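K.L.:
Dropping the structure in here first, questions after.
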Amino acid sequence: MKAHRTRLEAARERIGDRIKSTPIDRSETLSRQLDAEVHLKLELFQTTGSFKLRGAFNRLLQLSQEAAAAGVVTTSAGNHAQALAKAAADLGMTSDIFMPETTPLVKIEATQGYGAEVHLHGKSFEEAFEAADRFARDRGKTYVHGFDDWEIVYGAGSVGLEILETLPDIDTLLCPVGGGGLVSGVALAAKSHDPSIEIVGVQSSHVPGMAESI
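Going by my numbering, the letters in the sequence shown line up with residues 64 to 277, in that order.
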C-alpha cells in the first residue's frame with residue numbers, strides 16, 4: 064500500500080499545474096435526508112467536465128520523447144476521448160480517437176474541438192477498439208486505455224487525495240463505477256490514509272456491467 068501511496072502522490076505532483084483542484088461542498092439536502100454529513104466532490108468543474116483529464120495527463124507526461132512524437136490513440140465516445148484529446152493537444156502531441164459509427168454527433172464534435180482526429184469504425188465499442196488497436200500497432204503509436212492502466216488509475220486517484228485533505232475523518236466514500244479506474248484510484252488513496260474507510264461503488268441499474276462481472 065505504501066508503494067501505491069507514493070505513486071499517487073507522484074501523480075498528483077506531476078499533474079498539479081495542469082488540472083484544477085475541484086471544490087467539495089456539503090449537500091444540505093442529502094445530509095438532511097440521510098441524517099448524515101454528506102459532501103460532494105464537484106469534479107464536473109474540472110476542465111473537459113470530468114476526472115478523466117487527471118489520468119490522461121499523468122499517462123502522457125510519462126511518455127518517452129519518441130512515443131510523444133508518434134502520438135496517442137484510444138477508443139472512447141465519452142469523457143476519456145475529450146480528456147485525452149485535450150491533454151495531447153496541450154502537450155503538443157497528436158491524438159487519434161476511435162468511436163463506433165453510431166456515436167452522437169455532439170460527442171464527435173466535442174472531441175474534435177479539443178484537437179483530436181476522430182475515426183468512426185464499426186457498430187460497437189469492441190469493433191472500434193479492434194480498429195484502434197491495429198491502427199496504433201501499425202503506426203507505432205501509444206494506445207492509452209481509459210481505465211486499464213496504472214498511470215490512469217493513479218492520476219484519477221488524485222481525486223481521493225484532495226477529498227482526504229479536506230475531509231480527513233471521512234468514514235464512507237461513495238464513488239461511481241464505470242470501468243473501475245476512478246474507484247480503484249480513490250480506494251487506494253483512502254485505504255492508504257485509513258484502512259477503516261468504507262468504499263462503496265455505485266452503478267446505474269440500467270448498465271450494471273461491473274456488478275454483473277463480479
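Cβ atoms here follow ideal geometry from the backbone N, Cα and C, with glycine treated the same way. No experiment lies behind these values; they were computed from the predicted model shown.
Between D153 and R81, how many whole angstroms is the CB-CB distance? I'm expecting something under 8 Å.
P.N.:
With 8 Å as the limit, D153 and R81 qualify as a contact, their Cβ atoms being about 7 Å apart.
K.L.:
Under the three-state reduction of DSSP, which class applies to H102: helix, strand or coil?
P.N.:
Looking at H102 - three-state DSSP - the assignment turns out to be strand.
K.L.:
Looking at T138 and G209, is the spacing between their C-beta atoms short of 9 Å?
P.N.:
The answer is yes: Cβ separation under 9 Å.
K.L.:
Does DSSP put R200 in a helix, a strand or coil?
P.N.:
It is helical.
K.L.:
In the stretch 152-225, which residue ranges form an unbroken beta strand (DSSP E) of at least 3 residues, counting only runs that do not cross its ends?
P.N.:
With a minimum length of 3 residues, the continuous beta strand (DSSP E) runs that stay inside the stretch 152-225 are 158-162, 180-183.
K.L.:
Under the rule that 16 or more other beta-carbon atoms within 10 Å means buried, what is F114, buried or exposed?
P.N.:
With 16 or more Cβ atoms within 10 Å of its Cβ, F114 is classed as buried.
K.L.:
For R75, which residues of its own chain have a beta-carbon under 7 Å away from its beta-carbon, when the five flanking residues on both sides are left out?
P.N.:
If we look at R75 and ignore the five residues flanking it on each side, its Cβ neighbours are S221, L224.
K.L.:
Please name the residue in T85, R200, D232, G248 whose C-alpha comes closest to that of L107.
P.N.:
Of T85, R200, D232, G248, the residue nearest in Cα terms is T85.
K.L.:
Within the same chain, show all residues whose beta-carbon is closer than 7 Å to that of A173, passing over the 5 residues directly before and after it, in chain order.
P.N.:
Closer than 7 Å at Cβ, skipping near neighbours: Q145.
K.L.:
Go to I78, then tell me how far its alpha helix (DSSP H) extends in each direction, as first and last residue.
P.N.:
That run of the alpha helix (DSSP H) goes 65-78.
K.L.:
Which parts of the stretch 110-153 are runs of the alpha helix (DSSP H), unbroken and 4 residues or longer, counting only runs that do not cross its ends?
P.N.:
Whole alpha helix (DSSP H) segments, 4+ residues: 115-123, 128-133, 142-153.
K.L.:
Just curious, the alpha helix (DSSP H) that L237 is in, first and last residue?
P.N.:
Taken as a continuous stretch (DSSP letters only), L237 belongs to no alpha helix (DSSP H), being part of the beta strand (DSSP E) at 235-239.
K.L.:
Report all residues from its chain with a CB closer than 8 Å to the CB of K254; omit the five preceding and five following residues, and keep chain order.
P.N.:
Closer than 8 Å at Cβ, skipping near neighbours: M64, I260, I262.
K.L.:
Thinking C-beta only, is L251 closer than 9 Å to L93?
P.N.:
Going by C-beta atoms, L93 is not nearer than 9 Å to L251.
K.L.:
Would you kindly work out how many angstroms separate the C-alpha atoms of H269 and Q128, rounded to a whole number?
P.N.:
Rounded to whole angstroms, H269 to Q128 spans 43 Å at the Cα level.
K.L.:
Run through DSSP, which three-state label would G242 get?
P.N.:
Three-state result, G242: coil.
K.L.:
Below 7 Å CB to CB, which residues in the same chain sit around H143 once its five sequence neighbours on both sides are set aside?
P.N.:
Taken in chain order, the residues that qualify are K115, T137, G209.
K.L.:
Going straight from the alpha carbon of R126 to that of L97, what length do you get?
P.N.:
Before going further, note that residue 126 is Leu rather than Arg in the sequence given. When rounded, the distance between both Cα atoms is 45 Å.
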